[in-house]
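Let me begin by presenting the structure, written as structure tokens, before commenting on it.
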Amino acid sequence: MNITVYCGSNMGSNKKYRSSAIELAKWICKNDHSLLYGGGASGLMGVIADTVLENGGKVLGVRPEFLSDIEAAHSGVTQLIKVENMSERKKIMIENGDLYIALPGGLGTLEEVSEVLSWSMIGRISNPCIILNIDGFYEDLKSQFIKMADEGFLSEENNKKLVFIDSIEEMEEYLSGLYKSLSSKIV
1 MNITVYCGSN MGSNKKYRSS AIELAKWICK NDHSLLYGGG ASGLMGVIAD
51 TVLENGGKVL GVRPEFLSDI EAAHSGVTQL IKVENMSERK KIMIENGDLY
101 IALPGGLGTL EEVSEVLSWS MIGRISNPCI ILNIDGFYED LKSQFIKMAD
151 EGFLSEENNK KLVFIDSIEE MEEYLSGLYK SLSSKIV
């Protein structure tokens, strides 16, 4: 599976963000998945890509050309897909992802997660989007989505398409249950 990971191009101030990126990268490799991410070399993006590569995994980066003037692309990825703009990047990352996971990040991460949820709401994708709420980083966003649902702007069904999870272990349990459920429906 291609695991699309959204995360910051900065490291953030909490050391748990970095350790969670490392743990997620090791989970990706342990399960023979590939990392699909934004192609950056810095911050959490660099940490997760480096760790997947160090553990023998495959890393696919999707990078708009104009970003090379702002920050370095990761030079060691398995494949770097160069695109014209951010819209094309998001589209490729969504269309080629089998599972979407967000680590802590900034506005770019928030925009990407919002786009995944929008695609899910209109039926273009059905794969889950997991928000790794490391040390409560996304607690306010979780509250905002609940408020949107409470105020009638987001259906309960669509609100459930964004799964807030506090740890990699909890994510593994969730995915195990999800895939068992899907397998039993197929049989």
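Residues in the sequence shown are numbered from 1 upward in steps of one, following the UniProt record's numbering.
Just so it is clear, CB atoms sit at the ideal spot from N, CA and C, and this is done for glycine as well.
Where does residue i fall in DSSP's three states?
| i | result |
| --- | --- |
| Tyr37 | strand |
| Ala21 | helix |
| Tyr179 | helix |
| Leu154 | coil |
| Tyr138 | coil |
| Ile122 | coil |
| Ile168 | helix |
| Ser13 | coil |
| Lys185 | Residue placement at Lys185 is poorly supported in this model, since its pLDDT is 42, which falls under 50; the coordinates are not used for a value here. |
Excluding five sequence neighbours on each side, which residues of the same chain lie with their C-beta closer than 8 angstroms to the C-beta of residue i?
| i | result |
| --- | --- |
| Val163 | Pro128, Cys129, Ile130, Ile131 and Tyr174 |
| Ser126 | Ser120 |
| Leu103 | Val5, Tyr6, Cys7, Gly8, Tyr17, Ser20, Ala21, Leu24, Leu44, Ile48, Thr109, Leu132 and Ile134 |
| Asn85 | Pro64 and Phe66 |
For residue i, collect the residues of the same chain with a Cβ closer than 7 angstroms to its Cβ; drop the 5 residues on either side in sequence, then sort them by chain order.
| i | result |
| --- | --- |
| Phe145 | Leu154, Asn159 and Leu162 |
| Lys82 | Arg63 and Glu65 |
| Gly76 | Leu53 |
| Gln138 | The identity of residue 138 in the sequence shown is Tyr, whereas the question assumes Gln. Hits under 7 angstroms: Ile131 and Phe164. |
| Cys29 | Val52, Asn55, Gly56 and Gly57 |
| Leu178 | Pro128 |
Assuming residue i contacts residue j under a Cβ cut-off of 8 angstroms, what Cβ separation, rounded to an integer in Å, is found between them?
| i | j | result |
| --- | --- | --- |
| Gly38 | Arg89 | 7 angstroms |
| Asp135 | Asn14 | 6 angstroms |
| Lys16 | Asn55 | That belief does not hold up - the Cβ atoms of Lys16 and Asn55 are roughly 20 angstroms apart, past 8 angstroms. |
| Ser118 | Glu71 | About 26 angstroms; that fails the 8 angstroms criterion. |
For residue i, collect the residues of the same chain with a Cβ closer than 6 angstroms to its Cβ; drop the 5 residues on either side in sequence, then sort them by chain order.
| i | result |
| --- | --- |
| His33 | Met1 and Ile3 |
| Thr51 | Ile22 and Ala25 |
| Ile92 | Val62 |
| Gly106 | Gly8 |
Could you please give me the residues that DSSP links to residue i through a beta bridge?
| i | result |
| --- | --- |
| Cys129 | Tyr100 and Leu162 |
| residue 193 | Because the chain in this structure spans residues 1 to 187, residue 193 falls outside the shown range and cannot be described. |
Checklist entry - Which full runs of the alpha helix (DSSP H) of 4+ residues lie inside the stretch 22–109, going along the chain? => result Runs found: 43–54 and 86–95.
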